[in-house]
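Asker: One rule links them: number in the working numbering = place in the sequence shown (from 1) + 19.
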Amino acid sequence: MKQTFIILINLLLLNSISAQEFNKNIDKDSLFQIVTKDFHPEKIKELEKAYTEGNDATKEFLLMMFSLPKSSKTKLVDNLKNNEDKIVNLSKEFSKLVSDSLIVYIEFVPENRILTMKAGVDLKIYTKTIDGKSKLISKGRNIEYGSNSLNEKLKILNWDNATLHNVKKMLDEINCISIENRKINIIGLARSGLGKYSYALYTESSKEYMEKEFEQGCNYILYKDHIPLNYERGAIGPICFPDPK
C-alpha cells in the first residue's frame, strides 16, 4: 500500500504529462494489461488495486506513467558501437550550424497516440553573456512543424525548414532524438521515463570543464575517450546514472 501511495504522489508531479489530453478512443483496460505485462506479479497486483479503485483521471495518470519510453545503458553503448563515427560527425556539423554567440537545445518529439499529441519540436535558444553565462531568449515545447512559432525561432538561428530537417535526418541516422551545444555537446539517444540517456562529446579545450562535471555530479560515466555517457534526470526517477557499472 505504501508503494501505491508513492506511485500516486509521483503521478501528481507529472505536470507536463497531465497537461496533455488522453486519447478517448483507447480502451483503458486493454492498455493497462499491455503496459504492465512485464512487471513483477506482486507489482502488477499492487497496480491493479490502484487502477481499479481509481477514477478516470487516476487511471489515465497510471496509463500515461507506464507508457513512458524506456531505455538503458546497454542500448546507449550498443548504439555508440554501431554509430560512433556518425555521432562524432554530427557533433561537429551541428556546431557549424549554430552561431558562436548562441546555445541551442533541440529535441524532436514523436507523435504520441495515447496523448493525442502530434509530432513536434522542443527548442530552447540561449545567448552567451559577457560573464561567461547564458540567457534564455526563446523556448517552446512540442512546437508544431510549419507553425509561425517555429518559424520565428528558426529565424533567430538563421535556419530555414531545410536546415531543421537536415538536423533531424542526421539524428535519425544515429537513432537519436536531441542535441545541444554547450562547452560540451550533448546528443540524446532516448527518453527513459522522464529522464534521458545521452552522449557527451568534448574537445581538448573543454576537457577541464568535463572533468569538473565528473567531480561534481553522478550523471556521467566514462566509456570511451571524449565520449562519456550521460543520464539526465527527470522530475521523478533516478538522480544519478541508473546502471553505472
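By construction, the Cβ of each residue, glycine as well, lies at the ideal position given by its N, Cα and C atoms.
In this text, all values refer to a predicted model and were calculated from it rather than measured experimentally.
Do the CB positions of LEU169 and VAL140 come within less than 9 Å of each other?
Answerer: Numbered from its first residue, the sequence shown carries residue 169 at position 150. Numbered from its first residue, the sequence shown carries residue 140 at position 121. In contact: LEU169 and VAL140 (Cβ atoms closer than 9 Å).
Asker: Give a yes or no on whether 9 Å exceeds the smallest Cβ distance from TYR250 to chain C.
Answerer: Considering every chain present, this structure includes no chain C. It has just one protein chain.
Asker: Could you tell me how far apart the beta carbons of LEU248 and TYR218 are, in whole angstroms, since I believe they sit closer than 8 Å?
Answerer: Walking along the sequence shown from the start, residue 248 turns up at place 229. Walking along the sequence shown from the start, residue 218 turns up at place 199. Yes, LEU248 and TYR218 are in contact; Cβ-Cβ is about 7 Å, under 8 Å.
Asker: Can you tell me whether GLU126 is buried or exposed? The criterion is at least 16 other CB atoms within 10 Å of its CB, across all chains shown.
Answerer: Taking the sequence shown and counting its residues from 1, the one referred to as residue 126 is at position 107. Burial call: buried.
Asker: So which of GLU223, ARG201, PHE85, TYR239 has the shortest CA-CA distance to LYS115?
Answerer: The sequence position of residue 115 within the sequence shown is 96, counting from 1. The option with the nearest alpha carbon to LYS115 is ARG201.
Asker: Less than 9 Å between the beta carbons of LEU213 and ALA181, yes or no?
Answerer: Reading the sequence shown from its first residue, position 194 is the one you call residue 213. Reading the sequence shown from its first residue, position 162 is the one you call residue 181. No, they are not a contact pair.
Asker: Can you have a look at CYS259 and say buried or exposed, based on whether 16 or more other CB atoms are within 10 angstroms of its CB?
Answerer: Taking the sequence shown and counting its residues from 1, the one referred to as residue 259 is at position 240. It is exposed - the Cβ of CYS259 has fewer than 16 other Cβ atoms within 10 Å.
Asker: Tell me whether GLY269 is buried or exposed, calling it buried when 16 or more other Cβ atoms sit within 10 Å of its Cβ.
Answerer: In this structure the chain extends from 20 to 264, so residue 269 is not present and cannot be described.
Asker: Mind listing, in chain order, the continuous beta strand (DSSP E) runs of no fewer than 3 residues lying wholly within the region 208 to 264?
Answerer: Listed in chain order, the complete beta strand (DSSP E) runs (minimum 3 residues) inside the region 208 to 264 are 214 to 220, 239 to 243, 246 to 251.
Asker: Are the beta-carbon atoms of GLY165 and LEU142 separated by less than 9 Å?
Answerer: Position 146 of the sequence shown, counted from the first residue, corresponds to residue 165. Position 123 of the sequence shown, counted from the first residue, corresponds to residue 142. Against a cut-off of 9 Å, the Cβ pair of LEU142 and GLY165 comes out as no contact.
Asker: Quick check: the Cα distance between SER153 and CYS237, rounded to an integer number of angstroms?
Answerer: Within the sequence shown, residue 153 is the residue found at index 134, counting from 1. Within the sequence shown, residue 237 is the residue found at index 218, counting from 1. So the two alpha carbons sit approximately 23 Å from each other.
Asker: Measuring CB to CB, does LEU87 end up less than 9 Å from ARG210?
Answerer: Start at 1 with the first residue of the sequence shown, and residue 87 comes out as number 68. Start at 1 with the first residue of the sequence shown, and residue 210 comes out as number 191. Contact flag set, yes.
Asker: Enumerate in chain order the residues of its own chain whose CB-to-CB distance from GLU199 is below 6 Å, with the five nearest sequence positions on each side excluded.
Answerer: In the sequence shown, counting from the first residue as 1, residue 199 sits at position 180. These residues qualify, in order along the chain: TYR124, ILE205.
Asker: Check whether the region 100 to 115 and the region 183 to 193 touch, using three or more Cβ-Cβ pairs below 8 Å as the test.
Answerer: As far as the Cβ criterion goes, the region 100 to 115 touches the region 183 to 193, which means the pair count is three or higher.
Asker: Relative to the alpha-carbon of GLN52, which residue among PHE80, PHE85, THR77 has its alpha-carbon at the smallest distance?
Answerer: Working through the sequence shown from its first residue, we reach residue 52 at position 33. GLN52 has its Cα closest to that of PHE85, out of PHE80, PHE85, THR77.
Asker: Tell me, which residues are paired with VAL128 by DSSP?
Answerer: In the sequence shown, residue 128 corresponds to position 109, counting from 1. Its beta-bridge partners are GLY139.
Asker: Nearest-angstrom Cα distance between ILE144 and ILE156?
Answerer: The sequence position of residue 144 within the sequence shown is 125, counting from 1. The sequence position of residue 156 within the sequence shown is 137, counting from 1. Each residue's Cα considered, the two are about 6 Å apart.
Asker: Which residue wins for smallest C-alpha separation from THR148, given the options ASN131, ASP119, ILE175?
Answerer: Counting from one through the sequence shown, the residue named residue 148 turns up at place 129. Answer by Cα proximity: ASP119.
Asker: When you compare only the Cα positions, how much space is there between PHE113 and ARG132?
Answerer: Numbered from 1 along the sequence shown, position 94 holds the residue referred to as residue 113. Numbered from 1 along the sequence shown, position 113 holds the residue referred to as residue 132. Their Cα atoms are separated by approximately 30 Å.
Asker: With H, G and I counted as helix, E and B as strand and the rest as coil, what does DSSP make of ILE205?
Answerer: Here the question's residue 205 lines up with position 186 in the sequence shown. Note: ILE205 maps to strand in three-state DSSP.
Asker: Alpha carbon to alpha carbon, what distance is there between GLU171 and GLU103?
Answerer: Along the sequence shown, one-based indexing puts residue 103 at 84. Along the sequence shown, one-based indexing puts residue 171 at 152. So the alpha carbons of these two residues sit roughly 33 Å apart.
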